[in-house]
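Chemist:
Number of protein chains: 2
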Amino acid sequence: MNAVEHAYATLRKGILDGTYPPGAQLAEVELAGHLSVSRTPVREAIRRLHSEGLIEVFPNRGAYVRTWTRAQLDELFSVRALLEGHAAALAAQHATDAQRTVMAVLCDDMDEAAAEPTDIQRVAGLNDRFHALVHESSANSLLPGMIRGLIQVPVVLRTFLGYSPERLRISLQQHREILSAIRAHDVPWAESAMRTHILSARHELDASS
Amino acid sequence: MNAVEHAYATLRKGILDGTYPPGAQLAEVELAGHLSVSRTPVREAIRRLHSEGLIEVFPNRGAYVRTWTRAQLDELFSVRALLEGHAAALAAQHATDAQRTVMAVLCDDMDEAAAEPTDIQRVAGLNDRFHALVHESSANSLLPGMIRGLIQVPVVLRTFLGYSPERLRISLQQHREILSAIRAHDVPWAESAMRTHILSARHELDASS
DNA sequence: GGAGCCTAAGTTGCATACAATCGCGAGACC
DNA sequence: GGTCTCGCGATTGTATGCAACTTAGGCTCC
Chain S
1 MNAVEHAYAT LRKGILDGTY PPGAQLAEVE LAGHLSVSRT PVREAIRRLH
51 SEGLIEVFPN RGAYVRTWTR AQLDELFSVR ALLEGHAAAL AAQHATDAQR
101 TVMAVLCDDM DEAAAEPTDI QRVAGLNDRF HALVHESSAN SLLPGMIRGL
151 IQVPVVLRTF LGYSPERLRI SLQQHREILS AIRAHDVPWA ESAMRTHILS
201 ARHELDASS
Chain P
210 MNAVEHAYAT LRKGILDGTY PPGAQLAEVE LAGHLSVSRT PVREAIRRLH
260 SEGLIEVFPN RGAYVRTWTR AQLDELFSVR ALLEGHAAAL AAQHATDAQR
310 TVMAVLCDDM DEAAAEPTDI QRVAGLNDRF HALVHESSAN SLLPGMIRGL
360 IQVPVVLRTF LGYSPERLRI SLQQHREILS AIRAHDVPWA ESAMRTHILS
410 ARHELDASS
């Protein structure tokens, strides 16, 4: 793997898993030493993470892990509901049979993984793949990239981990409903089901703090 | 101005005004010489433009001005209608009196500038400011940045320049309607008027080719 | 004659050295 | 005692040199 990719992946992972908590400074020389690369690829990785909104950059003063306010997270979920709803609507029109089949398999796998309380991490991974597949099925070349920039925010990813078994069951049921709508080629239903799914998660976030 | 900013601004301008046409290669050494800076800031500017979707980067093979297909432009306008419509809806709820006043002034200025056929460029500038103000008035910290990434595509910017006097009049009238809706705090009206404005522009683009 | 390889030129990727800028603290002055 | 200023340490910003990769051309071999 090339140096930039290595630095980018490691930094991103560190931000998401809390190694670099919100507000922490990302000093170039320190990171370069830690990653065994020079400052150049570190700088490039930092700029890339900045463009994705994961970190803030102050000219001549360094880069810091971005902090999110409650209000910003609410805005984020609103926009996400808008875009993911649109993606689901398009998926209801354009998803291929193969894509529908994989969605069903992912739903089954999630049910299975959810039965084991220790597999939460695995459920989260399958959840990501399910959503990514819906975006991809929209046959729109812009949406996946735009949504990806939204859902990688740490808090969004961690939302899933705090779910109760009951709440998790509801979330998986919502996936089933989205899939049903896409299978039925029912555009408004798909859009609405996805919006419900996202806004429901936002409510959970608000309630849990 | 620092070197990166200089390189970024110059490159971006060159891409938008056609100095670097779609598909053209952006060689680092050549640009560095032309801009009187080293390759380092040029590289950073290129990466930034890449993250904004204006150029494509192939690892080890260079950067090229992005080309847009008809289908991608259609998708772009669809997403834009979605996001700008949402922004208008929020603006109807949150715009301040001062912001509404400036919107009205911008509409007046556009009418004035549109009377002179030579001032098309000025109309385009005022149009940008009007839309940016609506985004800002949404009181949402994510939307302006996301929409900005969409509307800076060369073809989108140039759409305006090809308008007939009659078509231009319609566009300005649509601005007035959006403003009326925002003034009336009528959320669905504002969203709908903005969507109409964007999708109408998309139709114009389709028809003119 | 055609396919494959090999070499060389040109480009990007990365490392390192130097320059510019910022922030903080010590000191002087009011 | 408080405030302003100067200077130093630390960090980012930029330039340049070398390494690695890609590609195109010509050559050899089949």
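Residue numbers (the numbering used here), protein chains in the order written: chain S, 1 to 209; chain P, 210 to 418. Ideal Cβ positions, reconstructed from N, Cα and C, are used throughout, including at glycine. From a predicted model like this one, the values you see are computed outputs, not experimental measurements.
#1: Relative to the C-alpha of V332 of chain P, which candidate in P:L388, P:S401, P:I264, P:T368 has its C-alpha closest?
#2: Got a sec? Which residues, its chain only, sit under 8 Å from L126 of chain S by beta carbon, not counting five neighbours each side?
#3: Taking C-beta pairs closer than 9 Å, name the residues in chain S that H295 of chain P reaches, listed in chain order.
#4: Return the residue from the list S:Q99, S:T196, S:I46, S:V29 that minimises the CA-CA distance to V4 of chain S.
#5: For the stretch 338-352 of chain P, list every residue whose C-beta sits within 8 Å of some C-beta in chain S, in sequence order.
#6: Assign M312 of chain P to one of two classes, buried (16 or more other C-beta atoms within 10 Å of its C-beta) or exposed (fewer than that).
#7: What's the call for E375 of chain P, buried or exposed, on a 16-neighbour Cβ count within 10 Å?
#8: Could you compute how far the alpha carbon of E191 of chain S sits from the alpha carbon of M1 of chain S?
#9: Give a yes or no on whether the minimum CB-CB distance between T249 of chain P and chain S is below 9 Å.
#10: Starting from the C-beta of S38 of chain S, find all residues in its chain whose C-beta is less than 7 Å away, skip the five residues before and the five after it, and write them out in chain order.
#11: Please list, in chain order, all residues of the same chain as R385 of chain P whose beta carbon is under 7 Å from its beta carbon, the five residues on each side excluded.
#12: Tell me which residue opens and which closes the beta strand (DSSP E) that A272 of chain P is part of.
#13: Checking contacts by CB at 9 Å: is L263 of chain P closer than that to chain S?
#14: With 9 Å set as the bound, which would you pick, yes or no: does the beta-carbon of E375 of chain P sit closer than that to a beta-carbon of chain S?
#15: Straight-line CA distance for A211 of chain S to S180 of chain S?
#16: When DSSP labels each residue in this structure, what does V246 of chain P get in the three-state scheme?
#17: Please confirm whether L54 of chain S and L143 of chain S have their CB atoms less than 9 Å apart.
#18: Out of curiosity, what's the CA-to-CA distance linking Y8 of chain S and D306 of chain P?
#19: Shorter than 9 Å from the beta carbon of S417 of chain P to some beta carbon of chain S?
#20: With a CB to CB cut of under 6 Å and the five nearest residues on each side skipped, what residues in its chain are close to R289 of chain P?
#21: With distance defined between alpha-carbon atoms, name the residue in P:A393, P:F286, P:A297 nearest to A341 of chain P.
#22: Would you mind stating whether E75 of chain S and S417 of chain P have Cβ atoms separated by less than 9 Å?
#23: If H6 of chain S and L35 of chain S are in contact, beta carbons under 8 Å, what's the gap, nearest whole angstrom?
#24: Determine the burial state of R279 of chain P: buried for a count of at least 16 other Cβ atoms within 10 Å of its Cβ, exposed for fewer.
#25: Relative to chain P, which residues along the stretch 18-29 of chain S have a C-beta separation below 8 Å, given in chain order?
#26: From the DSSP secondary-structure annotation, give me the bridge partner or partners of F267 of chain P.
#27: State the Cα-Cα distance for the pair T276 of chain P and G232 of chain P, rounded to the nearest angstrom.
#28: Is L26 of chain S helix, strand or coil by DSSP?
#29: With DSSP collapsed to three states, give me the class of L258 of chain P.
#30: Can you give, in chain order, each stretch of the alpha helix (DSSP H) that sits fully within the stretch 269-354 of chain P and has at least 4 residues?
#31: For E261 of chain P, which option in S:I170, S:L172, S:M146 has the closest C-alpha, if you only look at C-alpha atoms?
#32: Our contact map puts E265 of chain P next to V251 of chain P with C-beta atoms below 8 Å; I'd like the distance itself, whole angstroms only.
Modeler: Working from what's here:
#1: P:T368
#2: So the qualifying residues of the chain are L106, D109, M110, A113.
#3: S78, V79, L82
#4: Minimum Cα distance to V4 of chain S is reached at S:I46.
#5: N349, S350, L351, L352
#6: buried
#7: exposed
#8: Rounded to whole angstroms, the gap between the alpha carbons of E191 of chain S and M1 of chain S is 39 Å.
#9: yes
#10: A32
#11: C316
#12: 271-274
#13: No, its Cβ sits nowhere closer than 9 Å to a Cβ of chain S.
#14: Under the Cβ distance rule, E375 of chain P does not count among the residues neighbouring chain S, no pair being separated by less than 9 Å.
#15: Nothing can be reported for residue 211 of chain S, as the shown portion of chain S is limited to 1 through 209.
#16: DSSP, reduced to helix, strand and coil, places V246 of chain P outside both helices and strands of the structure shown, so it counts as coil.
#17: no
#18: If you take the alpha carbons of Y8 of chain S and D306 of chain P, they lie about 44 Å apart.
#19: Output row for S417 of chain P: interface = no.
#20: L359, I407
#21: P:A297
#22: no
#23: 7 Å
#24: exposed
#25: none
#26: P:G271
#27: 6 Å
#28: strand
#29: Under the three-state reduction of DSSP, L258 of chain P is assigned to helix.
#30: 279-303, 306-324, 329-346
#31: S:M146
#32: Contact flag wrong, Cβ pair sits at about 16 Å.
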